[in-house]
Structures are given as C-alpha cells and as structure tokens.
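Peer 1:
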Amino acid sequence: NAGVTQTPKFQVLKTGQSMTLQCAQDMNHNSMYWYRQDPGMGLRLIYYSASEGTTDKGEVPNGYNVSRLNKREFSLRLESAAPSQTSVYFCASRGLGGNEQFFGPGTRLTVL
Amino acid sequence: AQRVTQPEKLLSVFKGAPVELKCNYSYSGSPELFWYVQYSRQRLQLLLRHISRESIKGFTADLNKGETSFHLKKPFAQEEDSAMYYCAPPPPFYNQGGKLIFGQGTELSVKP
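From first to last, the protein sequence lines stand for chains A and B.
For the first sequence, the numbering used here gives the first residue as 948, with consecutive numbering after it.
For the second sequence, the numbering used here gives the first residue as 57, with consecutive numbering after it.
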C-alpha cells in the first residue's frame, strides 16, 4: 500500500495564479483532511471531508476550496494564490473505527 | 474553552538527559489523545496513543485526568529524537471559538 500520496511535492506560484493540490489514499478511509503547517503556528486544519460527498471548513478555510472526488481522492484548490499561502500542505486520512490519522509527505508551496 | 495546548515551542536538551514534552487539555468527557512525531522534512507519523499505554522508541505518555495532562517522556534523550512533536485529539475537534485540531507543536532539539 502506498498509504497517502500527494502531488506535487514542490510548487512555486506567482501571486494570482491558481493551482490544485492532489491527495489520494488507498486505505479505504472515510475521512480526509487538509492541513497547512507554518513555522510557529503548528498544524492548522483547512478543510476536511468526513465521508465521500461531504466537506466542511476547518480553522483556516479562506482562500481555499476542496473537492472530494471519490472515496480515494481529496483535492485542495487555490483559486488566486497569495504570498500568505506560502506553506507546507499536508493531507491526512482516517478510517472508520480508528482515530489515528495517516499523513501524506506534504507539498511545499511558495507564492511569490 | 476546549483546547489542547503545548506550552513549549522549543525544548533543547543534551544527549542522555531526560525529556518531558508537555501537553495539557481542557475539555469535558473522556479524552483520547495521541502524540505524533515529524522528523525533519518528513511526514507526521503516530508515535503514541494513550489507549495503548505502550512505549515506542523509549517514549511513554500517561493520561493524567487529575492534572488534565498527557506529557511525553523519555528517560535518556538521543540525538535522533530531534524532531517536531504534536499532541492531538482525534479529528475533528471543535472548541467554542473555532476548530482547534492539533496542539501547536514542540520542537525537540537534542544536542551531543
């Protein structure tokens, strides 16, 4: 099993550009999450999807949109990137009956 | 307000010294808590969960309901323990003012 995978690993954008971060898991997990990690701020939840077909806002949703494409995939879209969105983005998933989260390797995004 | 807090952003110790990373919680009901570890530029991975009461890589953590704490301890720190440590409840975790999912993390630096 690959676990949780994310693409791309690195990305540089200019202010105003858009992009989609992809996340997939092969563990048949119901719940999926997007976090951003910034120095001194720890991990902050952007959006989550408790199950296929549902999404909900987390702590810092402004400037982002998500799509739960199917049970495996959960994408995060930046419609108009801003320098404040420079961060490392982590995707995670969790199965039914378990509370442990499994994390992807992260996407390091720089917005110039 | 319900929350999980890690009061120390940075903890620096010498190799062989004891380590204690603090985690305090304040919410009603029976808490379920986890410790995650993130080695440099890697994904987060589960280190300990309080239910299992196990010892991983020499680390232990006991849930103290009287002190509302879940501190992570190791009697003799090793250089390879240098990492970011997060204390976390299972997701999603709501507090009255928003959605606090993770503690802010403590960076452990073990010096030779």
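Even for Gly, the Cβ is constructed at its ideal location relative to N, Cα and C.
Remember, it's a predicted structure, so these values are computed and weren't measured experimentally.
Who are the near neighbours of residue 1002 of chain A in its chain, counting only those whose CB is closer than 8 Å to its CB and skipping five residues on each side?
Peer 2: Counting only Cβ-Cβ distances below 8 Å, and skipping sequence neighbours, we find 994, 995, 996, 1013, 1014 and 1015.
Peer 1: Mind listing the chain B neighbours of residue 1052 of chain A? Cutoff is C-beta to C-beta under 8 Å, in chain order.
Peer 2: Chain B residues near residue 1052 of chain A: 98 and 99.
Peer 1: If you draw a straight line from the C-alpha of residue 1006 of chain A to the C-alpha of residue 1039 of chain A, how long is it?
Peer 2: Rounded to the nearest angstrom, the two C-alpha atoms are 15 Å apart.
Peer 1: Thinking C-alpha only, which one of A:1057, A:974, A:1010 and A:966 is nearest residue 1050 of chain A?
Peer 2: The residue with the shortest Cα to Cα distance from residue 1050 of chain A is A:974.
Peer 1: Taking only beta-carbon positions, decide if residue 146 of chain B is within less than 8 Å of chain A.
Peer 2: With 8 Å as the cut-off, residue 146 of chain B counts as an interface residue toward chain A.
Peer 1: Scan the stretch 67-83 of chain B for residues whose Cβ lies nearer than 7 Å to a Cβ of chain C and list them as they occur along the chain.
Peer 2: Protein chains A and B are contained in the structure displayed, whereas chain C is not.
Peer 1: Can you check which of these residues, A:970, A:958 and A:1010, is closest to residue 1019 of chain A by C-alpha distance?
Peer 2: Among A:970, A:958 and A:1010, the Cα nearest to that of residue 1019 of chain A belongs to A:970.
Peer 1: Quick one: list the residues of chain A neighbouring residue 90 of chain B, beta-carbon separation under 7 Å, in chain order.
Peer 2: Near residue 90 of chain B (Cβ distances below 7 Å), the residues of chain A are 1047.
Peer 1: In angstroms with no decimal places, state the Cα-to-Cα distance between residue 1036 of chain A and residue 1044 of chain A.
Peer 2: When rounded, the distance between both Cα atoms is 26 Å.
Peer 1: Buried or exposed: where does residue 949 of chain A fall if 16 or more other Cβ atoms within 10 Å of its Cβ makes it buried?
Peer 2: When all chains shown are included, residue 949 of chain A counts as exposed.
Peer 1: Tell me the DSSP secondary structure of residue 973 of chain A in three-state form.
Peer 2: Three-state DSSP puts residue 973 of chain A in coil, outside helix and strand.
Peer 1: Could you name the residues of the same chain whose beta carbon sits closer than 7 Å to that of residue 986 of chain A, not counting the 5 residues immediately before and after it, in chain order?
Peer 2: For residue 986 of chain A, where only same-chain residues beyond five positions count, there are no Cβ hits under 7 Å.
Peer 1: Tell whether a beta-carbon distance below 8 Å holds between residue 1028 of chain A and residue 966 of chain A.
Peer 2: Closer than 8 Å, so yes.
Peer 1: Relative to the C-alpha of residue 126 of chain B, which residue among B:98, B:96 and B:145 is closest?
Peer 2: When only C-alpha atoms are compared, the closest one is B:145.
Peer 1: In chain order, which continuous runs of the alpha helix (DSSP H) of length 4 or greater are located wholly inside the stretch 999-1035 of chain A?
Peer 2: Runs found: none.
Peer 1: According to DSSP, simplified to helix, strand and coil, what is residue 136 of chain B?
Peer 2: Helix, per DSSP.
Peer 1: Suppose you measure from the CA of residue 115 of chain B to the CA of residue 131 of chain B; what does that come to, to the nearest Å?
Peer 2: Residue 115 of chain B and residue 131 of chain B: Cα-Cα distance of roughly 8 Å.
Peer 1: Can you check whether the CB of residue 989 of chain A is closer than 8 Å to the CB of residue 158 of chain B?
Peer 2: For residue 158 of chain B and residue 989 of chain A, yes; Cβs fall inside 8 Å.
Peer 1: Report the CB separation of residue 99 of chain B from residue 1047 of chain A in whole angstroms; it is logged as a contact under 8 Å.
Peer 2: Contact flag wrong, Cβ pair sits at about 13 Å.
Peer 1: Could you round the C-beta distance between residue 956 of chain A and residue 1055 of chain A to whole angstroms and report it? I think they count as a contact, below 8 Å.
Peer 2: That belief holds up - the Cβ atoms of residue 956 of chain A and residue 1055 of chain A are roughly 7 Å apart, short of 8 Å.
Peer 1: Go ahead and label residue 133 of chain B buried or exposed: buried means 16 or more other beta carbons lie within 10 angstroms of its beta carbon, across all protein chains shown.
Peer 2: The residue in question, residue 133 of chain B, is buried, as its Cβ has 16 or more Cβ neighbours within 10 Å.
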